[in-house]
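Residue numbers (the working numbering): 1225 to 1505. A short worksheet on the structure shown next.
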């Protein structure tokens, strides 16, 4: 039985200040066991791993730490690296990233809540990794946030930030996500570990501790089947492109409301630990 699934969900954004602005829309997201990618590729007609299909999971769309051949320990390893023609697997990259935070999942699993590529196009405003040990106990979580400039930033949540079944953390973002939010404001994360229900909340706070933005993602789990993939594709066609369009449409509405605008080139010193996905030739 597959551990991977789909969530039918709603996204809600509500800006409280300096002017009110709110909206919501229907989405669906995939909850993928990274150990099942090859199985999904073989079992599902409309799913492919690193290949074109109606829905595709591509490693290049997620964390890609640039590994240097000269850092590898042996000539054999260096030769292996030089012969690679594709991206390192997402499981490999996340495992490497976790070790930098002193987390070793061993024979555990990594579940990824994300958008897949649809007919070759992908955009993920945010993906969430939930990591478990071999007994299915939660170890940590990661929020992988992307902006429309194809930049990414990772936010790590350890066991000390786990409260019951929810990872909680308030952290200064130091990342250009929206031109209508300061780079040094704060994310306040509440990430409930997905089960039959999906419930994630990310609020924004200013430097004085005032909450000015609320966002929620709530949904219900559905089986990952060929029929459901077709169902959601036709219900919300080209969902990554739709999300990108909605981002720009809502930005236009905020501009019309004369919310303070921050150009991308401004305050680049406040962008910290931000990277672009590693690309191979």
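Virtual Cβ for every residue (Gly too), placed ideally from N, Cα, C.
First and last residue of the uninterrupted beta strand (DSSP E) at residue i
| i | result |
| --- | --- |
| residue 1422 | 1421-1429 |
| residue 1362 | 1362-1370 |
| residue 1447 | 1435-1447 |
| residue 1233 | 1229-1239 |
| residue 1454 | Note, residue 1454: premise wrong, no beta strand (DSSP E); alpha helix (DSSP H) at 1450-1459. |
| residue 1331 | Here residue 1331 belongs to no beta strand (DSSP E), and DSSP marks it neither H nor E. |
| residue 1327 | Taken as a continuous stretch (DSSP letters only), residue 1327 belongs to no beta strand (DSSP E), as it is neither H nor E. |
| residue 1413 | 1410-1416 |
| residue 1245 | 1245-1257 |
8 Å contact criterion, which residue i and residue j should meet: CB distance rounded
| i | j | result |
| --- | --- | --- |
| residue 1423 | residue 1442 | 5 Å |
| residue 1404 | residue 1484 | 7 Å |
| residue 1448 | residue 1226 | 6 Å |
| residue 1415 | residue 1494 | Actually they are not in contact, since the Cβ atoms of residue 1415 and residue 1494 sit about 24 Å apart, beyond 8 Å. |
| residue 1467 | residue 1347 | 6 Å |
Proximity to residue i [Cα-Cα], best of the options
| i | options | result |
| --- | --- | --- |
| residue 1343 | 1418, 1431, 1319, 1461 | 1461 |
| residue 1432 | 1350, 1396, 1450 | 1396 |
| residue 1265 | 1240, 1434, 1340 | 1340 |
| residue 1381 | 1371, 1375, 1374, 1367 | 1367 |
| residue 1385 | 1364, 1400, 1378 | 1364 |
| residue 1238 | 1400, 1253, 1439 | 1439 |
| residue 1436 | 1228, 1236, 1234, 1241 | 1241 |
| residue 1379 | 1243, 1329, 1325 | 1325 |
| residue 1399 | 1492, 1352, 1317 | 1492 |
| residue 1260 | 1245, 1333, 1317, 1252 | 1333 |
| residue 1247 | 1473, 1497, 1499, 1489 | 1473 |
| residue 1263 | 1354, 1228, 1496 | 1228 |
| residue 1445 | 1314, 1434, 1256 | 1256 |
Run of the alpha helix (DSSP H) containing residue i, from where it starts to where it stops
| i | result |
| --- | --- |
| residue 1265 | 1261-1267 |
| residue 1467 | 1463-1480 |
| residue 1316 | 1314-1323 |
Three Cβ pairs or more, each shorter than 8 Å: is that satisfied between the stretch 1357-1365 and the stretch 1263-1282? The stretch 1357-1365 and the stretch 1263-1282 do not touch, with fewer than 3 CB-CB distances between them shorter than 8 Å.
Check whether the stretch 1273-1291 touches the stretch 1464-1484, taking contact to mean three or more Cβ pairs, one atom from each stretch, closer than 8 Å. no
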